[in-house]
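Each remark here refers to the structure printed beneath this line.
In full-length UniProt numbering, the protein residues as written are 1 to 171.
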């Protein structure tokens, strides 16, 4: 067994010594970058090492290495396309806008008004409304959380909406 391992190691060494320069040059022409070509050449030989194949059975070593390297090259290009698409989408996102001090004051005032409006509601009505509007819970989930029927949740929501509409109409 130890001799089989040694033979495999010698064959891998011979494959590397005979074809690494050629493979690196081919990848360099494909990529236009020495460092990336060296990385993919190394990855190619790592894949060869990881395969449990009879190295002596490889009739065309360059074709064998080319096939592995081409797959790695395709993966490299695909990854670059995905990264570029993400960067392009990110560049289209608007810059976050911080509200001015006046806008901040208006936001705080509005939040305080909403809080005061909700404070006037009975606890279960307020909780049902907040679970629905802020947490996006379904009426069934709210009913389970509050320990009431789904029909009662609908009544709570109607009561909360009517309360909000009444107060808005008064202002």
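All C-beta atoms in this analysis are idealised placements derived from N, C-alpha and C, irrespective of residue type, glycine included. Note that the coordinates shown come from a computational prediction; the quantities given were computed from them, not determined experimentally.
* Under the three-state reduction of DSSP, which class applies to residue 61: helix, strand or coil? -> By 1-based counting over the chain shown, the position of residue 61 is 61. Helix.
* Start and end residues, alpha helix (DSSP H) containing residue 138 -> Residue numbering aside, residue 138 sits at position 138 when the chain shown is read from its first letter. Premise fails: residue 138 is in no alpha helix (DSSP H) and is neither H nor E.
* Expected contact under 8 Å - CB spacing of residue 49 and residue 23 to nearest Å -> Position 49 of the chain shown, counted from the start, is the residue given in the question as residue 49. Position 23 of the chain shown, counted from the start, is the residue given in the question as residue 23. At roughly 14 Å, the Cβ-Cβ gap does not stay under 8 Å, so residue 49 and residue 23 are not in contact.
* To do: Answer yes or no: do residue 41 and residue 31 have a C-beta to C-beta separation smaller than 8 Å?
  => Taking the chain shown and counting its residues from 1, the one referred to as residue 41 is at position 41. Taking the chain shown and counting its residues from 1, the one referred to as residue 31 is at position 31. Against a cut-off of 8 Å, the Cβ pair of residue 31 and residue 41 comes out as no contact.
* Asked: Do you know offhand how far residue 109's Cα is from residue 127's?
  -> Locating residue 109 in the chain shown gives position 109, counting from the first residue. Locating residue 127 in the chain shown gives position 127, counting from the first residue. Each residue's alpha carbon lies about 22 Å from the other.
* Compare the Cα-Cα distances from residue 37 to each of 141, 72, 119 and report the closest residue. => Counting from one through the chain shown, the residue named residue 37 turns up at place 37. The candidate whose alpha carbon is nearest that of residue 37 is 72.
* Asked: From residue 124 to residue 170, what does the alpha carbon distance come to, in whole angstroms?
  -> On the chain shown, position 124 is the one that residue 124 refers to. On the chain shown, position 170 is the one that residue 170 refers to. Those two C-alpha atoms are separated by around 24 Å.
* Extent of the continuous alpha helix (DSSP H) to which residue 51 belongs -> Indexing the chain shown from 1 puts residue 51 at position 51. It is not in any alpha helix (DSSP H) - residue 51 carries neither H nor E in the DSSP assignment.
* Where the alpha helix (DSSP H) containing residue 132 begins and where it ends -> As a first step, residue 132 is located in the chain shown; it is residue number 132 there, counting from the start. Per DSSP, residue 132 belongs to the alpha helix (DSSP H) from 123-133.
* Asked: Any idea what DSSP makes of residue 8, helix, strand or coil?
  -> One-based indexing of the chain shown puts residue 8 at position 8. Three-state DSSP puts residue 8 in a helix.
* Residue range of the unbroken alpha helix (DSSP H) whose run includes residue 101 -> Locating residue 101 in the chain shown gives position 101, counting from the first residue. That run of the alpha helix (DSSP H) goes 101-119.
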